[in-house]
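Participant: Heads up: the sequence shown is residues 1 to 183, going by the UniProt record's numbering.
Positions of the beta carbon are idealized from the N, C-alpha and C atoms, including for glycine.
Before I ask anything, here is the structure I am working with.
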Amino acid sequence: MEYQKACSITLAEGLDLELVKIWDPATGQCVPTLEGHSCSVSSVAWSPDATRLASASYDKTVKIWDPATSQCVSMVEFGGVYDLHFHESNSNLLHTNPGTFDIRTPTISTVLGFASADCSSPIAMGYGLSSNGAWITYKGENLLWLPPEYRPSSSAISGTTVSIGCSSGRILVFMFTDSSSIQ
Numbered sequence: 001m002e003y004q005k006a007c008s009i010t011l012a013e014g015l016d017l018e019l020v021k022i023w024d025p026a027t028g029q030c031v032p033t034l035e036g037h038s039c040s041v042s043s044v045a046w047s048p049d050a051t052r053l054a055s056a057s058y059d060k061t062v063k064i065w066d067p068a069t070s071q072c073v074s075m076v077e078f079g080g081v082y083d084l085h086f087h088e089s090n091s092n093l094l095h096t097n098p099g100t101f102d103i104r105t106p107t108i109s110t111v112l113g114f115a116s117a118d119c120s121s122p123i124a125m126g127y128g129l130s131s132n133g134a135w136i137t138y139k140g141e142n143l144l145w146l147p148p149e150y151r152p153s154s155s156a157i158s159g160t161t162v163s164i165g166c167s168s169g170r171i172l173v174f175m176f177t178d179s180s181s182i183q
């Protein structure tokens, strides 16, 4: 179970169920329950302005919710997300261990999986990993192929640095040069 604080009055919990419950700690009452994942929820995060809630699930989806309406407004299909948080000053950027996504830019065909009829798909920003872990990506495009023995069992991405933990115990760190800084 994971709790994350949105503001001084609202909490959300991802249960070992396929749903996210939002609580008002002042009253102890459950306000909306967000349903739509097909497996247990692994992580939840609030946007800094508390207008969006992100949830990651073992069903290999990350969903962005409008807590006021309990509706899914965006979704990306990507396995292995165990860490997610919104950018501190830009609520449109969602950071996850496989990469960063711009959730305000929906697309009909996502670079990472499928586009659902009920949720639009975010656009990949910066560096990331393909959904099968075979590629390091840049803005959703395949950049560097990873041989099977170097594919991630865990990962972390920060800016231009991609860190991969391999099942062999190896840790790989790739530090890319930002193309906008090349003269």
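#1: Starting from the Cα of His85, find the closest Cα among Ser55, Lys60, Val76, Gln71 and give me that residue.
#2: Would you please state the rounded distance, in angstroms, between the beta carbons of Ser43 and Glu18? I believe it to be under 8 Å.
#3: Here's the rule: buried if 16 or more other CB atoms are within 10 angstroms of the residue's CB, otherwise exposed. What is Thr69?
#4: In whole angstroms, give me the CA-to-CA distance for His37 and Thr177.
#5: Using the Cα positions of Asn97 and Asp83, report the straight-line distance between them to the nearest angstrom.
#6: To the nearest angstrom, report how far apart Glu35 and Ile22 are at their CA atoms.
#7: May I ask you to list the residues that DSSP assigns as paired with Tyr138?
#8: Given Tyr58, which residues of its chain have a CB within under 7 Å of its CB, disregarding the five upstream and five downstream residues?
#9: Short check: CB of Ser158 to CB of Ile164, under 7 Å?
#10: In three-state terms, what does DSSP make of Pro148?
#11: Just curious, the beta strand (DSSP E) that Cys166 is in, first and last residue?
#12: For a quick check, are the C-beta atoms of Ser47 and Ser91 less than 7 Å apart?
#13: Could you name the residues of the same chain whose beta carbon sits closer than 7 Å to that of Cys119, not counting the 5 residues immediately before and after it, in chain order?
#14: I need the straight-line Cα distance from Pro25 to Thr160, nearest angstrom please.
#15: Buried or exposed: where does Pro67 fall if 16 or more other Cβ atoms within 10 Å of its Cβ makes it buried?
#16: Name the one or two DSSP bridge partners that Glu77 has.
#17: Relative to the C-alpha of Ser130, which residue among Gln29, Gly99, Thr33, Asp49 is closest?
#18: Excluding sequence positions up to five away, which residues of its chain have a Cβ less than 7 Å from the Cβ of Met175?
Facilitator: On the basis of the coordinates in this document:
#1: Nearest option by C-alpha distance: Ser55.
#2: Rounded, the Cβ-Cβ distance is 14 Å, inconsistent with contact.
#3: exposed
#4: 37 Å
#5: Each residue's Cα considered, the two are about 6 Å apart.
#6: Near 11 Å, if we compare the C-alpha coordinates of Ile22 and Glu35.
#7: Assignment of beta-bridge partners to Tyr138 by DSSP yields Tyr127, Glu141.
#8: Cys39, Ser40, Ser42
#9: no
#10: helix
#11: 161-166
#12: A contact, by the Cβ cut-off of 7 Å.
#13: In this prediction, Cys119 has a pLDDT of 48, which is less than 50 and means its spatial position is unreliable; nothing more can be read from the coordinates.
#14: 39 Å
#15: Burial call: buried.
#16: Thr61
#17: Gly99
#18: Thr160, Thr161
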